Structures are given as structure tokens and as C-alpha cells.
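In mature numbering (1 follows the signal peptide of the UniProt record, and there is no 0), the protein residues as written are -21 to -1, 1 to 209.
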């Protein structure tokens, strides 16, 4: 009996282990509002394995929006920051990662959000199509669990003319999620005008690997019960 249980445990471990390293993909549910280079397709989240250090958390954003921005009429739009609401030991903390350098902020650094500029702040006036009230840029830095910012990250814009998008924005961080129940809720509105909004969560959804773990627990319980009744 012990040999059978050990064999099942080994098999499930081999099957389940790769699942922890899978990429979490957030697909864009709605296209951009004006149909030009503001289209964003998806965000891939890598190495988000709560409680397991599988490497620094990273993001790949697939978009047609360029690093230098787009000018529409008199509105010189620029890339929005990536906003993250982190649930850490049951408390929510808001972070922002700038994707380009600007005064006071470095691309790739995670900043604790004190306040932010929304899309209305950047609107040049009537006659422009944009989504109002959306978070676009961090304005002031606060402190999350005593930390104003987390360095060690970087941002690289890769041009991929033959790909599903014109660019992949590669974002690395300097952290891993040490809370076994930690969650990232991610949102990116593409540009100042917020014409394409993509958002999603790393919150776990029951998957085959999870069900296997549950099954493994039942196997263990059954084995213990069997020992007690033997």
C-alpha cells in the first residue's frame, strides 16, 4: 500500500509542478475606442507563484501603442503607468510602474501610490474621444508596508512587426510574492486618453492541478483513516 501511495504522490507531483510556472494571461475584452494605434491585446504575467520564489515577477504587454506616444490633433499622448493593486496578507496596497522615464519617476520601479492623475487631467478640451476618470499616472508617492518604492526592475520596448501587436513591453520587477495567498489586480489604460483599457487578476481559479492537490489530500486522508481502522 505504501508503495502505491508513493507512486501516486510522485506522479501527481510531476504533473502539478509545471502548473506553478505557467504564465497568467489577461486578454483585452474590448478594443480601443478610436481604432488606430491605441490597441492593446493582452498582458502576460510571469513568475507569479504566491509563496514560491520562482524568480522575479514580470509582465509582457502586447500593444500597438509606441514608446514615444502618439499626437492626435493637439493632444500629445504618452504611455500610461501600469497600476497594480496587491492584496498582501489580507490588506490591499496600490502600486504603479511607469513604462517610460519622466521627472521624478524611473521606468520599471514600483512606486507606492499616494495620488494619481486620471485621464481628465490630460484632456486638452472638447472634441476628443477618451475614457474619463481612468487612472493614468502616479502623481505622488506614498508608502506600502513601510516601503515607498521597490527597485530592481526594468522596462524594454520590443518592436515586433510580424507579431500579433506592434510592440511587446517587457517589464521586470525586483520582487517575488512571498504571501501564499497574495493577489495582483492589474490595470493598464494604454495612454493618456485611456482609449483601450485592459485589466485582470491573478486570483486563482480552480484548475486541474488544484483539483489534483485536493485529490491528493483525499488520498492522504484515506490512507490515515485506513491506518486507524487497521
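Every residue, glycine too, gets a C-beta built ideally from N, C-alpha and C.
Please read these numbers as outputs of a predicted model, since none were measured by experiment.
For residue 168 and residue 21, the gap between their C-alpha atoms comes out near 12 Å. Contact between the segment 70 to 79 and the segment 96 to 108 is absent, with fewer than three C-beta pairs closer than 8 Å. Beta bridge pairing from DSSP links residue 110 with no other residue. Annotated three-state conformation of residue 182 is coil, per DSSP. For residue 100, the enclosing alpha helix (DSSP H) begins and ends at 98 to 101. Of the candidates 174, 46, 72, the residue whose Cα lies closest to the Cα of residue 102 is 174.
Residue environment: residue 131 is assigned as exposed (fewer than 16 neighbouring CB atoms within 10 Å of its CB, all protein chains considered). For residue 34, the number of other beta carbons within 10 angstroms of its own is below 16, and it is reported as exposed.
Going by DSSP, residue 73 is part of the beta strand (DSSP E) stretching over 70 to 76. For residue 65, the uninterrupted beta strand (DSSP E) run begins and ends at 61 to 67, by DSSP. Comparing alpha-carbon positions, the option among 8, 63, 92 lying closest to residue 164 turns out to be 63.
In the DSSP assignment, residue 137 falls within the unbroken beta strand (DSSP E) covering 133 to 138. Bridge pairing for residue 38: 24, 150 [DSSP].
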